[in-house]
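*Asks:* Just so we're aligned: the sequence shown equals residues 3 to 255 in this note's numbering.
Where a beta carbon is used, it is the ideal one built from N, C-alpha and C, also for glycine.
As the structure is a computational prediction, the values presented were derived from the model and not from experiment.
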Amino acid sequence: MYESIKSKLSRYPAVYEPLRKTLNRYRNLKIQYNNNRRLRKIQKQIWVHIKHKNSVFFVQVGSNDGSHGDPIRDLVIRNTNWKGLFIEPIPFLFERLKQNYDNSERFIFEKIAISTKRGFQKFYYVSEDAKAKLEGLPKWYDQLGSFDRNHILKHLQGKLEPYIIEEDIETITMQEIFDRNNIEAIDLLHIDTEGFDYKVLSQVDFLRYKPCVIMYEHKHLSNDEKKLAKSLLEKYNYNCFSYGGDTLAFIND
């Protein structure tokens, strides 16, 4: 609907220009409403499958700032007996993440990226400056951090290209980060890594760690990786459900 209105009005610049900001606001509000509705459904399902736990330990890979569009934030804030590990490699988002959770001692904060090996790799993300200089930038723009520069370029018609930062980011494997933080049990695993989700998920030792709930973003995965991710979880007795661009998986006790 938005694109149809935009296309028709753009033929009449005198009318279109004054209304452009209103149209952008309308589009963003509609997107926000739909996202919030989806997040509430996800939160409800997570709670149904984890509320029997007296205490919960979660791992979130790709935490962003721990606020915008975060499906577990409300649960983490409300349940003060929950503890967990936040993993976020982008420097300015990592600082906001700690602030948004008051740097609480309930949590472990790791400024690092999960990869297939330990070391340093080139990582790409969008500068904070983009928000001030690009009109109508959606709130999710700063979630576009990736080992693949093209992943950022394919969003927003390439408008973000001048604001892409390339940085050598420290990397670690899943098991290594679990070991150095003495993690022996995981109840909730949330992965949101802009297309790297299967490579993260496939590193989990499901014979050792058996989260009640797993959530990952599948919308940026190839068709092969979507199938591999689902097959992997089904192998370890999980039931998988699609929620928009995400998959929720619950262990079948």
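Inspect the CB distances between the region 163-172 and the region 180-193 and report whether three or more fall short of 8 Å.
*Replies:* In short, these stretches do not touch, since the Cβ pair count stays below three.
*Asks:* Pick out whichever of Tyr143, Ile92, Ser57 and Lys55 has its Cα sitting closest to the Cα of Gly71.
*Replies:* Comparing Cα-Cα distances from Gly71 to each of Tyr143, Ile92, Ser57 and Lys55, the minimum goes to Tyr143.
*Asks:* Confirm the yes/no value for this check: CB of Phe60, any heavy atom of the ligand GDP, distance under 7 Å.
*Replies:* The ligand GDP is not part of this structure, which contains no ligands at all.
*Asks:* Which runs of the beta strand (DSSP E), 3 residues or longer, sit entirely within the region 32-104?
*Replies:* Whole beta strand (DSSP E) segments, 3+ residues: 59-63 and 85-89.
*Asks:* I'd like the span of the alpha helix (DSSP H) that includes Tyr200, first residue to last.
*Replies:* Run containing Tyr200: Asp199 to Leu203, per the alpha helix (DSSP H) assignment.
*Asks:* Compare the C-alpha of Ser65 against each of Asp104, Tyr238, Glu90 and Gln123 and name the closest.
*Replies:* Cα-wise, what sits closest to Ser65 is Glu90.
*Asks:* Could you check where the alpha helix (DSSP H) with Asp226 kicks off and where it finishes?
*Replies:* Note, Asp226: alpha helix (DSSP H), Asn225 to Lys237.
*Asks:* Taking all protein chains shown into account, do 16 or more other C-beta atoms lie within 10 angstroms of the C-beta of Gly147, making it buried, or fewer, making it exposed?
*Replies:* Buried, by the Cβ-count rule.
*Asks:* If you measure between the beta carbons of Asp255 and Lys55, is that distance less than 8 Å?
*Replies:* No, the pair does not count as a contact, with Cβ atoms beyond the cut-off.
*Asks:* Between the alpha carbons of Lys100 and Tyr238, how many angstroms are there, rounded?
*Replies:* Their Cα atoms are separated by approximately 33 Å.
*Asks:* Should Val61 and Leu191 be called a contact, given that it needs their Cβ atoms to be closer than 8 Å?
*Replies:* Yes.
*Asks:* Which one or two residues does DSSP pair with Glu249 in a beta bridge?
*Replies:* A small correction: the amino acid at residue 249 is Thr; Glu does not occupy that position in the sequence shown. DSSP output for Thr249 lists Tyr218 and Ser244 as bridge partner(s).
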